[in-house]
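Quick note on our numbering: the sequence shown kicks off at 2 and runs consecutively. Working notes, structure below.
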Amino acid sequence: MKVQFTETVLRDANQSLIATRMPFSAFEPVLEKLNKAGYYSLECWGGATFDSCLRYLNEDPWERLRKIKAKCPDTKLQMLLRGQNLLGYKHYPDDVVRMFVKKSVENGIDIIRIFDALNDVRNIQVAVDETIKNGAIASGTICFTISPIHNLEAYVKLAKDMENMGVQTVCIKDMAGIMGPQEAYDLVKALKENIKLPVVVHTHSTTGLGPITLQKAVEAGADVIDTAISCFSGGTSQPATETLAYSFKQQGYEVDLDADILKEINDFFKPVKTKALESGLLNPVVLSTETDALNYQVPGGMLSNLVAQLTAQNKLEKFPEVLAETPRVREDLGYPPLVTPMSQMVGVQATANVLAGERYKNISKEIRAYIKGEYGKAPGKINEELQKKVLGDEAPLTCRYADTLEPMFEKTKAELGSKAKSDEDVLSYIAFPAQAEKFFELRDEKEKNTFSYSIKKID
Ligand code: CO
2 MKVQFTETVL RDANQSLIAT RMPFSAFEPV LEKLNKAGYY SLECWGGATF
52 DSCLRYLNED PWERLRKIKA KCPDTKLQML LRGQNLLGYK HYPDDVVRMF
102 VKKSVENGID IIRIFDALND VRNIQVAVDE TIKNGAIASG TICFTISPIH
152 NLEAYVKLAK DMENMGVQTV CIKDMAGIMG PQEAYDLVKA LKENIKLPVV
202 VHTHSTTGLG PITLQKAVEA GADVIDTAIS CFSGGTSQPA TETLAYSFKQ
252 QGYEVDLDAD ILKEINDFFK PVKTKALESG LLNPVVLSTE TDALNYQVPG
302 GMLSNLVAQL TAQNKLEKFP EVLAETPRVR EDLGYPPLVT PMSQMVGVQA
352 TANVLAGERY KNISKEIRAY IKGEYGKAPG KINEELQKKV LGDEAPLTCR
402 YADTLEPMFE KTKAELGSKA KSDEDVLSYI AFPAQAEKFF ELRDEKEKNT
452 FSYSIKKID
């Protein structure tokens with residue numbers, strides 16, 4: 002029996018604890034150690050890293066990836082991709098999705114974990130196909146959620162659809178940390194009985210269930226688990242790498258991780274954490290255990306968003322009503338998993354319903370688009386009255402929304418002209434236009450400065 006580990010310190014732990022603000026220079030010196038520790042993979046890109054590099058860190062995300070690859074040639078590099086949405090919140094046409102995947106692999110990615118917020122497999126198909134075409138590993142992802150229609154049968158069907166699509170592994174993604182040990186055991190077991198692929202389990206420590214859930218997942222046959230080096234573990238991050246490695250080794254599992262190297266990696270990150278605590282970037286609150294999500298079955302991040310929304314409008318006394326309305330809105334929408342962007346959309350609509358004193362008096366633009374089918378197929382049935390209110394006699398989309406979009410890569414490239422120095426630049430611009438443009442300007446300025454400096458030096 003063997004259990005393998007994906008280290009998340011560079012991506013999900015970084016994102017969950019310090020809003021992805023770790024610059025490349027902060028972890029560059031430890032990359033060789035990460036490369037040699039014996040991980041199955043290093044999750045280091047995608048999710049919010051791309052946006053954060055351009056928006057806050059003035060780093061070229063592609064260059065970051067190439068630099069990581071140069072120092073980590075022996076361990077697979079992994080990224081998280083939101084299917085047809087890539088790294089953003091809207092759907093892109095297929096030519097952009099294909100180019101993005103192709104360039105990600107070219108620049109160093111070995112494994113792409115691909116998910117769709119609604120578990121609509123049509124929205125991951127193109128990314129999966131292109132990943133495989135480029136010789137990388139496509140990890141088909143199940144967004145785990147709890148609802149009357151999300152049962153083992155539905156998850157197994159989803160995994161089988163992804164297996165037929167050609168994915169090489171299946172990942173269970175519990176973004177809210179609400180998957181209990183028994184649910185994990187039953188789900189992994191059902192997957193192992195019905196598909197032939199390795200199963201990867203991703204959870205968060207938010208509610209405190211994380212390590213117990215991973216224990217039961219591995220007992221049921223999970224092949225790979227996601228963990229974070231201990232000083233960046235716990236709370237809204239993943240369970241600790243060293244703890245889980247120690248525990249599984251003691252139980253007789255084969256674990257490839259080198260405990261001495263793990264200690265060196267953790268020692269390296271300790272001062273990085275201290276600095277983040279001192280600057281306020283890391284709020285100790287996110288490191289503690291927060292069980293409210295278990296009572297409400299809504300992710301912790303969503304609860305704090307609701308509180309912030311109501312506080313801003315001086316209506317915090319409405320919190321219990323909004324909490325009660327949230328699952329009703331979710332039911333009306335056919336039980337979408339509460340992951341970005343659905344968690345925000347459902348929360349905003351529930352708040353609007355309560356504050357207006359009338360349900361669906363105002364319906365947000367995003368919820369209208371969802372009901373039209375622009376985000377994909379709703380997992381369950383959308384409330385008929387609500388659907389009628391939004392669509393009238395119009396029918397919802399039956400095709401993929403991306404099928405209605407015109408190709409845009411070549412057109413954007415032509416429009417950008419010399420501003421973009423590479424196809425990667427064009428993709429950065431398509432993903433985050435304003436941030437990329439600002440980044441290009443700063444980069445040009447920097448190049449000019451470097452140039453005049455070198456002339457001075459010759460003088
Ligand atoms: Co996560």
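No residue lacks a Cβ here, since even glycine has one placed at the ideal position from N, Cα and C.
The beta strand (DSSP E) spanning residue i covers which residue range?
i	result
Asp52	Careful: Asp52 lies outside any beta strand (DSSP E), inside the alpha helix (DSSP H) at 50-53.
Ile364	Neither: Ile364 is in no beta strand (DSSP E) and is coded neither H nor E.
Gly211	Per DSSP, Gly211 belongs to no beta strand (DSSP E); it is in the alpha helix (DSSP H), 211-220.
Glu44	42-47
Following the continuous alpha helix (DSSP H) through residue i, name the residue where it begins and the one where it ends.
i	result
Thr405	Neither: Thr405 is in no alpha helix (DSSP H) and is coded neither H nor E.
Lys3	Per DSSP, Lys3 belongs to no alpha helix (DSSP H) and is neither H nor E.
Gly301	301-313
Ser429	424-432
Leu317	Run containing Leu317: none; DSSP gives neither H nor E here.
Ser26	25-28
For residue i, name the three-state secondary structure that DSSP assigns.
i	result
Asp227	strand
Asp61	coil
Glu374	The identity of residue 374 in the sequence shown is Gly, whereas the question assumes Glu. Here Gly374 sits in coil by DSSP.
Ile266	helix
Arg114	strand
Tyr454	In this predicted model, Tyr454 has a pLDDT of only 49, less than 50, meaning its place in the structure is not dependable enough to derive any value.
Met409	coil
Lys271	helix
Ser419	helix
Gln350	helix
Ser140	strand
Cys172	strand
Glu395	coil
Val340	coil
Leu82	strand
Val256	coil
Val10	coil
Ser17	helix
Lys77	strand
Ser234	coil
Phe441	helix
Ser248	helix
Ala38	coil
Ala191	helix
If residue i and residue j are in contact, beta carbons under 8 Å, what's the gap, nearest whole angstrom?
i	j	result
Gly178	Ser206	6 Å
Leu78	Ser42	7 Å
Ala246	Thr214	Contact flag wrong, Cβ pair sits at about 16 Å.
Ala379	Gly335	3 Å
Ala309	Pro94	Contact doesn't hold; Cβ gap of about 34 Å is too wide.
Leu304	Asp293	6 Å
Ser344	Ala353	That pair is no contact at about 15 Å.
Thr142	Met180	Their Cβ separation, rounded to whole angstroms, is 14 Å, which puts Thr142 and Met180 out of contact at 8 Å.
Asp130	Phe410	Between Phe410 and Asp130 the Cβ distance is about 17 Å, and since that is not below 8 Å, they are no contact.
Ile138	Thr170	7 Å
Glu425	Lys104	6 Å
Use the C-beta contact count for residue i: other C-beta atoms within 10 angstroms, 16 or more gives buried, fewer gives exposed.
i	result
Tyr57	exposed
Glu386	exposed
Met2	exposed
Gln436	buried
Asp13	buried
Lys457	Only weak support exists for where Lys457 lies, its pLDDT of 42 falling under 50; the value from the coordinates is given anyway. That one is exposed.
Pro240	buried
Gly477	In this structure the chain extends from 2 to 460, so residue 477 is not present and cannot be described.
Asn152	exposed
Gln85	buried
Ser280	exposed
Asn267	buried
Leu443	exposed
Val29	Note that residue 29 is Glu in the sequence shown here, rather than Val. So Glu29 counts as exposed.
CB residue i to CB residue j, shorter than 7 Å?
i	j	result
Ile372	Gln388	yes
Lys70	Gly109	yes
Arg22	Leu282	yes
Thr76	Glu44	no
Val219	Val4	yes
Ile113	Leu82	yes
Glu164	Ile125	no
Val347	Val330	yes
Lys174	Phe116	yes
Thr208	Leu288	no
Val340	Ala155	no
Lys319	Val286	no
Cys73	Asn36	yes
Thr146	Pro338	yes
Ser17	Thr275	no
Gly222	Val189	yes
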